[in-house]
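In our numbering, the protein residues as written are 1314 to 1911.
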């Protein structure tokens, strides 16, 4: 987080640049040129400029004001992190950046952007808006932030590239490339511009650590329908072992030569496949015949990698057993340790350390969310030395954490009572739990989407005029990104859920300035074995960690819900107790003991 003076000074630099270059405004998103959710520190321009550290947001810098647009997950955090800087925070669902510009078109009609940091579809959209409302949206050759950010800027990531072994990947890269090429030939396209490092890592069975929490290499590729690949990366990173793994069909090019190669390919009237929402506008803005050369489709690799193969499913189960052991040790530690000695930072460091001791652990899958009391109400809260809260009795603690293992990726949230919770806390928690159980035990026909299932988790809250602002579930990768598409469980998600997909189940409730509640498990979509239900699907819960019984008001649960909870706790104890010490096992047995409703 920047101090207020630093943020104000940096904003002034950009505003002076606008004045000097006769521009009214500049758009800076959270994204880097790969358009992923997570960015390396050297490309965290929005954070450097504003102090806002959330994973989604876009800022509009005007000559006389600055506006940060965020979604409902980040409204509290954004206001806290930009306090006293002059930055105005707007909830994007109420007014988007584009609508704001249109409503002020007479005042601000020359708006600049960095073409590397926006998708082809986004720029196409704002250029159409510009034509309609007489606003000039201007592509810059250099980002103005880069002109001023140099002294404290991190180096470009340069981690070691590793082969992801077949015993974890399940399918070799040759087979994956062949499947992609079949798809490309069906579309009659010659080349595919791939701007998504996550997809490249899956396709080529390689991993790295160019990002802190996602084991990937930041690179781009052009895939040809004959199976040849141009990989754009510093050649010094490609050792003999990696070159042998990539085989002769992969040619290495300097990272900055991709535009030149794209222009060459387009000149021969080749049909080029792009995912318009995931390719930087800079990569395709120089193609002259966009309407005839570019074929726009969702990234086909997203669907392929979202459906886990048998080896990946086995790996996910194994990763969650190890993760469950670390979580059980963590939850036991919280309950037995002295409350006054604990804090958000102490607890965050503890769970991260316990995970790191597990076999085949690589890194955390995101920065641990460790929120006590009112900080738990900030959906994507990140604890700092300044914000760190000491634990006190009679409140609740929310911990959202996850791990990257060679076998798979985990993501879990547990809300824990510290001392004696109030009746309101127990009622709110139990209502969230009812929604969690409703989704976890759902049975649904093939063809069902996340949009169809989202309300199951919300209905118990809706009945009490309560809700939560985030989605109910997101896809999860296999030793890849903790947030993976194309499927989600949320309103507006129309991807069909298929066997082999992994999704989170994370309803919540957040009482501003009081506390936050979220219960999150990962689940596997699977077929029902019953012969009479051939086309029916259900979920298998993968996460193995006890749900805090001290926060449950059993009077609010039905017999069916208690049955589910007892079965879940029985599974937790059965799967993870063997590798715990005697005292931890004894505690786990107690908290997993079935509840019998009279």
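From the three backbone atoms N, C-alpha and C, an ideal C-beta is built for every residue, glycine too.
{"Item": "Contacting residues, own chain, Cβ-Cβ under 7 Å from residue 1571 (five flanking each side not counted)", "Value": "1533, 1545, 1596"}
{"Item": "Whole-number beta carbon distance between residue 1404 and residue 1388, since they are thought to touch under 8 Å", "Value": "6 Å"}
{"Item": "Three CB pairs or more closer than 8 Å across the segment 1546 to 1563 and the segment 1395 to 1402", "Value": "no"}
{"Item": "Option nearest residue 1349 by Cα separation, candidates 1432, 1418, 1628", "Value": "1432"}
{"Item": "Residue 1849 beta carbon less than 8 Å from that of residue 1753", "Value": "no"}
{"Item": "Contacting residues, own chain, Cβ-Cβ under 7 Å from residue 1614 (five flanking each side not counted)", "Value": "1493, 1512, 1515, 1516"}
{"Item": "For residue 1574 and residue 1567, the rounded distance between their alpha carbons", "Value": "11 Å"}
{"Item": "Secondary structure, alpha helix (DSSP H): runs of 4+ residues fully inside the segment 1484 to 1525", "Value": "1486 to 1499, 1510 to 1517"}
{"Item": "Unbroken beta strand (DSSP E) run spanning residue 1379, endpoints", "Value": "1379 to 1383"}
{"Item": "Limits of the beta strand (DSSP E) - the one that residue 1817 falls within", "Value": "1815 to 1818"}
{"Item": "Residue 1645 beta carbon less than 8 Å from that of residue 1674", "Value": "no"}
{"Item": "For residue 1689, the nearest candidate out of 1825, 1840, 1352, 1758 (CA to CA)", "Value": "1825"}
{"Item": "Sequence-distant residues of the same chain with beta carbon closer than 7 Å to residue 1483, five excluded per side", "Value": "1622, 1623, 1624, 1625"}
{"Item": "Beta-carbon gap between residue 1682 and residue 1712 smaller than 8 Å", "Value": "yes"}
{"Item": "Residue 1628 beta carbon less than 8 Å from that of residue 1481", "Value": "yes"}
{"Item": "Cβ neighbour criterion (16 or more within 10 Å) applied to residue 1894", "Value": "exposed"}
{"Item": "Nearest candidate by alpha-carbon position, reference residue 1478, set 1417, 1762, 1909, 1792", "Value": "1792"}
{"Item": "Inter-stretch contact (C-beta, 8 Å, three-pair minimum) for the segment 1498 to 1506 and the segment 1597 to 1612", "Value": "yes"}
{"Item": "Local Cβ density within 10 Å of residue 1408, reported as buried at 16 or more and exposed below that", "Value": "exposed"}
{"Item": "Helix, strand or coil at residue 1569 according to DSSP, with G and I counted as helix", "Value": "helix"}
{"Item": "Residues near residue 1634 in its chain [Cβ-Cβ closer than 8 Å; skip 5 each side]", "Value": "1857, 1888, 1889"}
{"Item": "Start-to-end residues for the beta strand (DSSP E) that takes in residue 1542", "Value": "1542 to 1545"}
{"Item": "Selected residue, minimal CA-CA separation from residue 1758, among 1468, 1841, 1598, 1591", "Value": "1841"}
{"Item": "Same chain, Cβ closer than 8 Å to residue 1756, neighbours up to 5 away in sequence not counted", "Value": "1841, 1846, 1849, 1850, 1851"}
{"Item": "Minimum C-alpha distance to residue 1823 - residue among 1810, 1737, 1583", "Value": "1737"}
{"Item": "Integer Cβ distance of residue 1912 from residue 1726, believed to fall under 8 Å", "Value": "Since the displayed the chain opens at 1314 and closes at 1911, residue 1912 lies outside it and no answer follows."}
{"Item": "Inter-residue spacing [alpha-carbon to alpha-carbon] between residue 1523 and residue 1353", "Value": "7 Å"}
{"Item": "Nearest-angstrom Cβ-Cβ length linking residue 1475 and residue 1521, presumed shorter than 8 Å", "Value": "6 Å"}
{"Item": "Burial state of residue 1807, where buried means 16 or more other Cβ atoms lie within 10 Å", "Value": "exposed"}
{"Item": "Residue 1831 - containing beta strand (DSSP E), residue span", "Value": "1828 to 1831"}
{"Item": "Other residues of its chain near residue 1906: CB distance less than 8 Å, five sequence neighbours each side excluded", "Value": "1882"}
{"Item": "Where the beta strand (DSSP E) containing residue 1926 begins and where it ends", "Value": "Examination of residue 1926 is not possible in this model, given that the chain is present from 1314 through 1911 alone."}
{"Item": "Identity of the residues DSSP links to residue 1537 by a beta bridge", "Value": "1504"}
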